[in-house]
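Residue numbers (my numbering): 1 to 87. Note that CB positions come from ideal geometry on N, CA and C, so glycine has one too. Predicted, not measured: the structure shown is a model, and the values here were computed from it. Data block below; observations after.
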């Protein structure tokens, strides 16, 4: 049993597009604390601090609360908090 399954329902088939989008991005910059697939395709990758390395506010879509975070350790190497990078 699949949760949310509707009997007889079949998703639409995706069609392959031979012509790609016109143009391209000149520069892709990514802020991430791990080497994600987005980082692999980026021109510039800036290392960010993890949740345990920065003073910050955190939210969730699971509830309406705001969580204050306190840094437990200093960021590793050249990592910076998002706020320090955006400044």
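Contact set for residue i: own chain, Cβ-Cβ below 6 Å, skip 5 residues either direction
i, result
"residue 38", "30"
"residue 43", "27 and 28"
"residue 35", "none"
Buried or exposed (CB count within 10 angstroms, at least 16 for buried), residue i
i, result
"residue 14", "exposed"
"residue 54", "buried"
Whole-Å CB distance - residue i paired with residue j, under 8 Å assumed
i, j, result
"residue 25", "residue 51", "In fact, because the Cβ distance is near 29 Å, the residues do not count as touching under 8 Å."
Check whether residue i and residue j have beta carbons under 8 Å apart
i, j, result
"residue 33", "residue 49", "yes"
"residue 77", "residue 47", "yes"
Contacting residues, own chain, Cβ-Cβ under 8 Å from residue i (five flanking each side not counted)
i, result
"residue 73", "52 and 53"
"residue 81", "48, 49, 53, 54, 55, 56 and 75"
"residue 88", "A query on residue 88 cannot be resolved here, the shown segment of the chain reaching from 1 to 87 and no further."
Contact set for residue i: own chain, Cβ-Cβ below 7 Å, skip 5 residues either direction
i, result
"residue 63", "none"
Problem set entry | Start-end ranges of the alpha helix (DSSP H) lying completely within the segment 2-59, minimum 4 residues | 37-40
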